[in-house]
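The structure appears below as structure tokens.
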Amino acid sequence: MKYTILLLASLAFFTVEASSQCRAFTKRNCVPVLEDYAQNNNYNAAVLIPGDEAELNMAFYGDVSYRVVVCSHSILGDVEFSLHDQAGNDLWTNANGENHLDLKVATTQQLVVKIKVPLNESLLTHEGCVSIMLGSKD
Numbered sequence: 002m003k004y005t006i007l008l009l010a011s012l013a014f015f016t017v018e019a020s021s022q023c024r025a026f027t028k029r030n031c032v033p034v035l036e037d038y039a040q041n042n043n044y045n046a047a048v049l050i051p052g053d054e055a056e057l058n059m060a061f062y063g064d065v066s067y068r069v070v071v072c073s074h075s076i077l078g079d080v081e082f083s084l085h086d087q088a089g090n091d092l093w094t095n096a097n098g099e100n101h102l103d104l105k106v107a108t109t110q111q112l113v114v115k116i117k118v119p120l121n122e123s124l125l126t127h128e129g130c131v132s133i134m135l136g137s138k139d
């Protein structure tokens, strides 16, 4: 019983520590990419490993300029991200390695940002932070 409590306490500590490191990474590496776009104050980040995929639904309002930023720890390799409509149609992908997308939609709509961390041939599984930020300007 004593070891179970110790194990759970250790797990909670490491989870909080990983989240804290991810926040610091986001503040240091992602926020500057927004440049003159105002951050929407939502923190969207996760610790991912090679082969992981994630999706995030985001609301985009008509006639507002947006910058979507996806940044990740370099240990994860070239993380792919793409933008899709609710029907699953591809609208954009960072095939050329971009870390952000500037866009303006005509009407208010929900779009999906999809993230894919590439597999690697390493014998060790590395984890790293992947952050999605949304900035806007009128």
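Under our numbering, read the sequence shown as residues 2 to 139, first letter to last.
From the three backbone atoms N, C-alpha and C, an ideal C-beta is built for every residue, glycine too.
If you measure between the beta carbons of residue 68 and residue 103, is that distance less than 7 Å? Residue 68 sits at position 67 when you count from the first residue of the sequence shown. Residue 103 sits at position 102 when you count from the first residue of the sequence shown. Taking 7 Å as the Cβ cut-off, residue 68 and residue 103 qualify as a contacting pair.
Do residue 130 and residue 70 count as a contact pair if the criterion is CB distance below 7 Å? Along the sequence shown, read from residue 1 onward, the residue named residue 70 stands at position 69. Along the sequence shown, read from residue 1 onward, the residue named residue 130 stands at position 129. No, the Cβ-Cβ distance between residue 70 and residue 130 is not below 7 Å.
With H, G and I counted as helix, E and B as strand and the rest as coil, what does DSSP make of residue 141? The shown model of the chain, from 2 to 139, leaves out residue 141, and the question about it has no answer.
Once you ignore the five residues that flank residue 5 on each side, which residues in its own chain have a CB closer than 8 Å to its CB? For the purposes of this step, residue 5 is taken as the residue at position 4 of the sequence shown. Its pLDDT being 41, under 50, residue 5 is placed unreliably by the model, and nothing is read from it.
Could you check the C-alpha separation between residue 53 and residue 65 for me, to the nearest Å? On the sequence shown, position 52 is the one that residue 53 refers to. On the sequence shown, position 64 is the one that residue 65 refers to. Cα to Cα, the separation comes out at about 31 Å.
Do residue 136 and residue 38 come within 7 Å of each other at the CB atom, strictly closer than that value? Residue mapping note: residue 38 aligns to position 37 of the sequence shown, counting from 1. Residue mapping note: residue 136 aligns to position 135 of the sequence shown, counting from 1. Yes.
Beta-ladder partner(s) of residue 68, from DSSP: To locate residue 68, count along the sequence shown from 1; it is residue 67. Residue 68 pairs with 103, 136.
Between the alpha carbons of residue 85 and residue 57, how many angstroms are there, rounded? As a position in the sequence shown, residue 85 is number 84, starting the count at 1. As a position in the sequence shown, residue 57 is number 56, starting the count at 1. Looking at the two C-alpha atoms, the distance is approximately 10 Å.
For residue 117, collect the residues of the same chain with a Cβ closer than 6 Å to its Cβ; drop the 5 residues on either side in sequence, then sort them by chain order. The count along the sequence shown starts at 1 and reaches residue 117 at position 116. Answer for residue 117: 54, 81, listed in chain order.
Based on DSSP bridge pairs, tell me the residues matched to residue 117. Here residue 117 refers to the residue found at position 116 when the sequence shown is read from its first residue. BP columns for residue 117 point to 54, 81.
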